[in-house]
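Numbering (our numbering), first residue to last: 55 to 467.
From the three backbone atoms N, C-alpha and C, an ideal C-beta is built for every residue, glycine too.
Everything numeric in this text was worked out from a predicted model, so none of it was measured.
Only one structure is covered here, and it is reproduced in the block below.
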Amino acid sequence: MNNDSISNQNVLSKCLSLLTFDSFSFAFLDWGVKKLTTPNLMRICVASQLGKWESYAEIEEQIRARKDSKTLFGVSEISGSQISRRMNSLPSTFAQRLFLMIAKKLHDATKLKSGHPKFGKLHVIDGSSLHLGPTFGKWAYVTQNRNQVKFHTRLVVASPDEAFPDKVIPSTGNVDEREVVMELVTDPEATYLFDRGYVDYGKMDEWLDKGIFFAMRINDQNKANILETYDTTSEKVIYDARVVLGTKQTQMRNPVRLVEFKDEEGRLYRIVTNRWDLSADEVAELYRNRWVIELFFKWLKQHLRVVKLQSTKPQGIWNQIFFAMTAYCLALYVQIMEQTKKSTWRVLELLRIYSERSWETFWKVLHRKPQRASKGRKKSHLPRSPEMLNDGGVAYVKPVGERRSKIAKYLKR
55 MNNDSISNQN VLSKCLSLLT FDSFSFAFLD WGVKKLTTPN LMRICVASQL GKWESYAEIE
115 EQIRARKDSK TLFGVSEISG SQISRRMNSL PSTFAQRLFL MIAKKLHDAT KLKSGHPKFG
175 KLHVIDGSSL HLGPTFGKWA YVTQNRNQVK FHTRLVVASP DEAFPDKVIP STGNVDEREV
235 VMELVTDPEA TYLFDRGYVD YGKMDEWLDK GIFFAMRIND QNKANILETY DTTSEKVIYD
295 ARVVLGTKQT QMRNPVRLVE FKDEEGRLYR IVTNRWDLSA DEVAELYRNR WVIELFFKWL
355 KQHLRVVKLQ STKPQGIWNQ IFFAMTAYCL ALYVQIMEQT KKSTWRVLEL LRIYSERSWE
415 TFWKVLHRKP QRASKGRKKS HLPRSPEMLN DGGVAYVKPV GERRSKIAKY LKR
């Protein structure tokens with residue numbers, strides 16, 4: 055995506071062309087289908103995530119409103135109910151393969167980057183939940199008042215400013231994180247970061263035997279038998295020691311390093327790791343990088359169609375998760391290939407605004423330089439003067455220090 059590739063192709067068409075949808079064309083799936091073939095269905099699903107089309111009714115209207123729908127999706131109009139039925143029957147392996155396709159492009163685009171400059175290649179493992187209703191979500195029962203699904207995610211930290219998911223495992227909400235973690239820990243060259251939900255002495259021993267690096271937060275009740283302590287000069291680090299975790303019945307075979315520290319708000323963290331090459335302060339800093347996955351989940355739920363589920367069927371929900379991940383990766387891929395300093399959200403926002411405009415127009419906006427530099431609004435320590443109100447006295451305003459409410463015209467001149 056350099057200047058040579060800029061054309062009059064519109065923005066949405068350009069984004070969809072980054073994925074080979076036609077590789078999902080199978081006669082047995084589209085037997086008797088007149089309009090909505092599998093590749094076109096998948097194009098619509100990705101486009102709906104990129105545009106954050108909120109419902110099947112909106113998807114239907116968006117397709118009808120676009121002049122290029124016939125070219126993009128093979129249909130100029132289609133009912134939302136048809137899309138819903140096809141979404142629920144689409145094999146989730148197809149949606150997964152599409153996501154892995156763009157994840158591989160991101161791996162290729164970032165392969166020359168070494169990850170974190172201090173800690174090297176980092177993979178952050180965590181899961182997030184999505185809630186279902188009480189009636190149609192009984193297949194995802196967790197407790198009496200909670201039906202939910204999860205998506206367990208491996209996030210690759212390509213650089214301090216770039217992170218992307220490259221493996222996602224959907225599950226019902228009653229699947230424990232430790233049941234799927236071994237499928238996410240596969241790269242022996244990365245350091246894995248975990249929260250407290252992944253504590254499993256047997257798996258930790260296996261990683262130690264294989265030489266896989268990790269840093270994991272443990273709970274207060276996790277017992278540690280001290281073998282050796284190390285001096286620390288840091289004010290925030292409370293403890294640095296070589297320990298064996300567990301009791302006599304559950305004790306680990308291999309020793310690990312235990313670092314205890316407090317954050318800026320005074321909260322205690324107990325981190326076990328096999329990164330002996332780092333100082334205690336660096337271990338604390340290493341674990342703080344786990345926060346990137348929390349920010350990723352927040353970004354995903356805020357800017358893409360994830361929280362509001364489009365289906366109550368397992369297959370439809372898994373597909374929605376994979377299509378959302380695909381849309382995120384597409385926006386990040388555009389950001390990386392265009393070498394823009396704009397955030398991933400700003401890139402996605404511009405993709406939405408200019409979706410029907412030419413790629414050349416989008417490219418100019420993306421690389422447009424600010425008209426003038428600004429240092430921002432400077433704060434003043436002087437008390438603020440009363441606001442001038444021009445609302446015709448419809449509101450009540452109580453100036454600072456006044457005990458009785460004054461009508462809005464109190465501040466009028």
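>> Contact between the segment 106-116 and the segment 180-198 is defined here as three or more beta-carbon pairs at a separation below 8 Å; is this criterion met?
In response: no
> What is the C-beta distance between residue 323 and residue 271, in whole angstroms, given that I count them as a contact (C-beta under 8 Å)?
Replying inline: 6 Å
> Taking the continuous alpha helix (DSSP H) assigned at residue 75, which residues delimit it?
Replying inline: First-last for residue 75: undefined, no H or E at that position.
> In whole angstroms, what separates the C-alpha of residue 289 from that of residue 327?
Replying inline: 20 Å
> Looking only at C-alpha atoms, which of 362, 161 and 298 sits nearest to residue 106?
Replying inline: 362
> Which one of 217, 111 and 81 has the shortest CA to CA distance from residue 344?
Replying inline: 217
> Rounded to a whole number of angstroms, what is the C-alpha to C-alpha distance between residue 336 and residue 397?
Replying inline: 27 Å
> Where do the N-terminal and C-terminal ends of the alpha helix (DSSP H) with residue 415 fall, by residue?
Replying inline: 413-420
> Along the chain, which unbroken stretches of the beta strand (DSSP E) at least 3 residues long are found entirely within the segment 188-228?
Replying inline: 195-197, 200-213 and 216-226
> Straight-line CA distance for residue 224 to residue 444?
Replying inline: 54 Å
> Per DSSP, which one or two residues make a beta bridge with residue 125?
Replying inline: According to DSSP, which records beta bridges pairwise, residue 125 is partnered with nothing at all.
> Around the Cβ of residue 199, are there at least 16 other Cβ atoms within 10 angstroms (buried) or fewer (exposed)?
Replying inline: exposed
>> Please state the DSSP three-state secondary structure of residue 408.
In response: coil
>> Quick check: what's the CA-CA separation for residue 233 versus residue 194?
In response: 17 Å
> For the putative contact between residue 207 and residue 329, defined by C-beta atoms under 8 Å, what is the C-beta separation to the nearest angstrom?
Replying inline: Contact doesn't hold; Cβ gap of about 22 Å is too wide.
> Distance, Cα to Cα, residue 121 vs residue 403?
Replying inline: 21 Å
>> For the alpha helix (DSSP H) containing residue 282, name the first residue and the last one.
In response: Residue 282 -> not in any alpha helix (DSSP H); beta strand (DSSP E) instead, spanning 278-283.
> Using the rule of at least 16 other Cβ atoms within 10 Å of the residue's Cβ for burial, across every protein chain shown, is residue 192 buried or exposed?
Replying inline: exposed
> Between the Cα of residue 349 and the Cα atoms of 219, 95 and 101, which residue gives the shortest distance?
Replying inline: 219
> Just the Cα atoms here: how many angstroms apart are residue 359 and residue 111?
Replying inline: 14 Å
> From residue 58 to residue 421, what distance separates their C-alpha atoms?
Replying inline: Caution applies to residue 58, whose pLDDT of 48 falls short of 50 and renders its modelled position unreliable; the model cannot decide the point.
> Closest to residue 419 by CA distance: which of 160, 125 and 392 is it?
Replying inline: 392
>> DSSP three-state label for residue 373, please.
In response: helix
> Going by beta carbon distance, what residues of the same chain come within less than 7 Å of residue 309, once the five residues before and after it are set aside?
Replying inline: 281, 296, 297 and 298
>> Within the continuous beta strand (DSSP E) that includes residue 143, where are the two ends?
In response: Segment 134-143 is the alpha helix (DSSP H) holding residue 143; no beta strand (DSSP E) there.
> Are residue 364 and residue 356 close, meaning C-beta to C-beta below 8 Å?
Replying inline: no
> Could you check where the alpha helix (DSSP H) with residue 113 kicks off and where it finishes?
Replying inline: 110-119
> In the DSSP assignment, what are the bridge partners of residue 148?
Replying inline: Looking at the DSSP assignment, residue 148 forms no beta bridge with any residue, so it has no partner.
> Rounded to whole angstroms, how far is the Cβ of residue 255 from the Cβ of residue 304, which I believe are closer than 8 Å?
Replying inline: 6 Å
>> Output needed for residue 196: all residues of its chain with C-beta closer than 7 Å, excluding positions within five of it in sequence on either side, in chain order.
In response: 202, 227 and 228
> Between residue 347 and the rest of its own chain, which residues show a CB-CB distance below 6 Å, the 5 nearest in sequence each way excluded?
Replying inline: 178, 180 and 209
> According to the neighbour-count rule (16 or more other Cβ atoms, all chains shown, within 10 Å of its Cβ), is residue 74 buried or exposed?
Replying inline: exposed
>> With distance defined between alpha-carbon atoms, name the residue in 65, 150, 239 and 84 nearest to residue 370.
In response: 150
> What three-state label does DSSP hand residue 400 in the structure shown?
Replying inline: helix
> To the nearest angstrom, how far is it from the Cα of residue 136 to the Cα of residue 100?
Replying inline: 16 Å
> For residue 424, which three-state DSSP category applies?
Replying inline: coil
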